[in-house]
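Residue numbers (our numbering): 7 to 602.
Every residue, glycine too, gets a C-beta built ideally from N, C-alpha and C.
None of the values given here were measured: they were computed from a predicted structure.
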Ligand code: GTP
């Protein structure tokens, strides 16, 4: 145990985590230069394409310093806010963390959020200033920012370039010197935390564990402490970037992969504790909390015949993503589909894209919604995940909505615009800190409803891309909220209902019907688009009828042009959904959240 070092790498997106991880792996000689394909640790296609890390990956490395052999367990963490649950479990399995900050960009919102998580886990933090090869690098200024914003000493920060390799050996030496070796009782009974899980098509469900007491043995019968389920360990492996190395035991303080031969990953929950079935430990490693979805949306097949295929696809996706939750839902407008819970907006996009791409489905997603806690006059409390399910106004005593703590870091020249934006989102300031004369850190309490869509894009556009943003859930608070309904050609479209603050209902209603008017293609008849609060119509627009047949403009003569036009219309229809007699394009369902 003395020579084991378990450490994570935490950073804001794009500050170079994956590149640095590759560089450390290469320096330790676990792979040769030839084998080092860039960003080896990002294994999913979608991760490589988007350049983000979705699932935490780990590697076990060998390193020799001053003639002494060390085992370095590197735990890569996903950097995005949506996946902070995975970040926190990876951190719970580490004894130290490298805090990577980009030498040209400085501390960003996600840096701060990750540091808080690392401090909660009592990790030894090693500040690392990366990208010192860049002409705009200013390591001294960045070190000061780290001290001002986080309050840790950054005078001995490691200066590296993951790109050129400068400083990497000194960094690994610092890991050996500064990250404490694991503590634990090797002679006690088995106690290990699951900090990641995924599905392997040959081996079934796999759990990545960190052993805190005793050891995990091949052939052992183990118990999952969250639900008491017992399983048999078929095999054990150490994680390696290119291959998995088999072992008979994972010792106290080590990390490793447990093969349970299960067909579903849903039984293996991140954060759960594994112990011996016959001789269980008394207390789990920390409290287990199931991943909590924050954002919900309806997902429907465009072609109603694809419903069973969608169910099948969701089941398969859940094999690899235990944070995905869903249940069947019917919409008058959209037919049969599922209400799916997501960890955040990026998670939603990734899931939708994977469903469409990997399972070849044409889908409509309804506008995402947060959870509302609705207190009824009869004393009952219900959780509403779908605006169309909000009870009638006269039954409601009050509605509480979720709030988040939002952290924004920005160059001070954009401060005015950003504060205006946060106020328009019903935010209240809790803190403002100048990191130096030209960068500011803001903390605001904001209703989550206001930031689930659009906020990030608006923030980026008003700060020319320079402001960074992160959030964490805070609590539920009373809001003066109402449900805004939309009718198309006289028919209420349940999937278009949204919850808005009462004093914004009129303006939102107007914008909404105007946007819908732009999106709905002309039909053979006039279509009214109305916004209503209960039975009261508050806004209306009309989509004019197209009058004559569109093909008429081909002058009746050129038959190939005519056919081409009809084919184009047919292809377009695939992305349309019929609401009564009206064809609605799929983007109409997201457009309800557009603010302008
Ligand atoms: P996520 O996984 O999305 O959170 O990003 P990351 O933090 O893993 O960043 P990644 O390693 O993907 O690096 C982001 C970009 O910075 C890539 O284009 C890298 O090539 C570049 N980069 C990383 N390290 C360095 C460095 O030391 N110098 C320079 N010039 N570029 C670097």
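- In this structure, residue 136 has its CB closer than 8 Å to one or more heavy atoms of ligand 1.
- Of the residues assessed, residue 245 falls on the buried side of the cut-off, its CB having 16 or more other CB atoms within 10 angstroms.
- When rounded, the separation of the alpha-carbon atoms in residue 79 and residue 96 is 11 Å.
- A straight line joining the alpha-carbon of residue 152 with that of residue 442 spans about 11 Å.
- If you ignore the 5 residues before and after residue 420, its C-beta comes within less than 8 Å of the C-beta of 468, 469, 470, 472, 473, all in its own chain and listed in chain order.
- When the beta-carbon positions are compared, residue 335 and residue 342 come within less than 9 Å of each other.
- Counting along the chain, the unbroken alpha helix (DSSP H) around residue 519 starts and ends at 511-525.
- With respect to residue 307, residue 369 sits close: the two C-beta atoms are nearer than 9 Å.
- The straight-line gap separating the alpha-carbon atoms of residue 418 and residue 19 is approximately 21 Å.
- No Cβ-Cβ contact shorter than 9 Å links residue 263 with residue 217.
- Within the chosen limit of 8 Å, ligand 1 does not reach the beta carbon of residue 104 with any heavy atom.
- Out of 112, 185, 408, 230, the CA that lies nearest to the CA of residue 8 is found in 185.
- The criterion of a C-beta distance shorter than 9 Å is satisfied by residue 251 and residue 66.
- DSSP places residue 112 outside both helix and strand once states are collapsed to three, so it counts as coil.
- Per DSSP, residue 462 is one residue of the alpha helix (DSSP H) stretching across 461-468.
- For a cut-off of 8 Å, the C-beta gap from residue 258 to residue 282 is around 13 Å, too long to register as a contact.
- About 5 Å separates the CB atoms of residue 165 and residue 135; that is less than 8 Å, so the two are in contact.
- Looking at 499, 545, 476, the one whose alpha-carbon comes closest to that of residue 514 is 545.
- A direct Cα-Cα distance of roughly 18 Å separates residue 416 from residue 431.
- Of all alpha-carbon atoms in 364, 351, 276, 525, the one lying nearest the alpha-carbon of residue 374 is that of 351.
- Beyond the five residues adjoining it in sequence on each side, residue 454 comes within less than 6 Å, by CB distance, of 376, 408, 410 in the same chain, given in chain order.
- If you ignore the 5 residues before and after residue 170, its C-beta comes within less than 8 Å of the C-beta of 139, all in its own chain and listed in chain order.
- The beta-carbon distance between residue 319 and residue 372, rounded to whole angstroms, is 18 Å. This is too long to meet the 8 Å contact definition.
- By the Cβ rule, the stretch 528-537 counts as touching the stretch 491-504, because three or more pairs are nearer than 8 Å.
- Listed in chain order, the beta strand (DSSP E) runs fully inside the stretch 381-423 are 387-390, 402-417, counting runs of at least 3 residues.
- Here residue 331 is buried: its Cβ has 16 or more other Cβ atoms, across all protein chains shown, within 10 Å.
- For a cut-off of 8 Å, the C-beta gap from residue 11 to residue 187 is around 7 Å, short enough to register as a contact.
- Apart from sequence neighbours up to five positions away, the residues of its chain that approach residue 286 with a beta-carbon distance below 8 Å are 195, 229, 231, ordered along the chain.
- Judged by beta-carbon spacing, residue 29 lies beyond the 9 Å limit of residue 181, meaning their Cβ atoms are not closer than that value.
- For a cut-off of 8 Å, the C-beta gap from residue 116 to residue 476 is around 5 Å, short enough to register as a contact.
- Annotated three-state conformation of residue 105 is strand, per DSSP.
- The straight-line gap separating the alpha-carbon atoms of residue 591 and residue 526 is approximately 7 Å.
- Residue environment for residue 347: buried (at least 16 other C-beta atoms within 10 angstroms of its C-beta).
- In this model, residue 433 and residue 183 are separated by some 44 Å (Cα to Cα).
- With fewer than 16 neighbouring CB atoms inside 10 Å of its own CB, residue 122 falls in the exposed class.
- Residue 18 carries a coil assignment under DSSP once its states are collapsed to helix, strand and coil.
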